[in-house]
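Residue 134 in UniProt numbering sits at position 134 of the sequence shown, and the numbers go up by one each step.
Built from N, CA and C at the ideal position, the CB exists for glycine as well.
What follows is a short report on a single structure.
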Amino acid sequence: MVGVLIISHGNLGHSLADCARHVLGRVPDNLAVMAVEKHEDPEQKFHEASALVAKLQQGDGVLLLTDMVGGTPANITWRLVEAGKVEAVAGINLPMLVRALCYSSQPLEVVVGKAITGGLEGVYYMLPEGKDAKATD
Numbered sequence: 001m002v003g004v005l006i007i008s009h010g011n012l013g014h015s016l017a018d019c020a021r022h023v024l025g026r027v028p029d030n031l032a033v034m035a036v037e038k039h040e041d042p043e044q045k046f047h048e049a050s051a052l053v054a055k056l057q058q059g060d061g062v063l064l065l066t067d068m069v070g071g072t073p074a075n076i077t078w079r080l081v082e083a084g085k086v087e088a089v090a091g092i093n094l095p096m097l098v099r100a101l102c103y104s105s106q107p108l109e110v111v112v113g114k115a116i117t118g119g120l121e122g123v124y125y126m127l128p129e130g131k132d133a134k135a136t137d
């Protein structure tokens with residue numbers, strides 16, 4: 001089982017995890033969240049994140065999900081990446097998280113791909129009266 005760790009600003013990760021639990025109707029035991037507050041020491045948070053990765057690592061890898069490139073959570077995340085063992089995706093949204101959790105029994109590279117496509121496909125321009133945005137080209 002691939003572990004999933006959300007590293008995000010403030011309560012964003014906890015809120016997304018709560019929403020994912022609601023959507024899935026279960027509490028995923030392979031999911032952890034680490035909030036990063038602006039007053040916290042990034043080095044201390046890096047060590048905390050490293051411990052969470054070690055806890056989630058069951059031999060199948062860990063997927064790190066973070067909110068936005070350039071922020072402290074993403075900078076911490078980048079330091080944890082180990083190709084083929086600990087992979088990372090930025091731009092977390094609820095479809096990305098749900099897709100990652102639904103496919104977490106697959107190999108790490110599959111989970112990464114499913115998370116990315118879930119995140120991308122979850123962004124959709126909604127027009128009034130249910131008209132399909134794709135049909136307006």
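Q.
Please report the straight-line C-alpha distance between A90 and Q57, rounded to a whole angstrom.
A. 20 Å
Q. According to DSSP, is H39 helix, strand or coil?
A. coil
Q | Residues near A20 in its chain [Cβ-Cβ closer than 8 Å; skip 5 each side] | A | Result list for A20: P28, L31, L94, L97, V98, L101, in chain order.
Q: Just confirm the distance between the C-beta atoms of D86 and L64, as a whole number of angstroms; I'd bet it's less than 8 Å.
A: According to the sequence as given, residue 86 is Val; it is not Asp. Between L64 and V86 the Cβ distance is about 6 Å, and since that is below 8 Å, they are a contact.
Q) Once you ignore the five residues that flank V4 on each side, which residues in its own chain have a CB closer than 7 Å to its CB? A) N30, L31, L63, L65, A100, L101, S104
Q: Note down the Cα distance separating T136 from A49, rounded to an integer number of angstroms.
A: Because T136 sits at a pLDDT of 46, beneath the cut-off of 50, its placement in the model cannot be relied upon, and the point is left open.
**Q.** Endpoints, the beta strand (DSSP E) within which V86 is located
**A.** 86-90
Q: Look up V112 in the DSSP assignment and say whether it is helix, strand or coil.
A: helix
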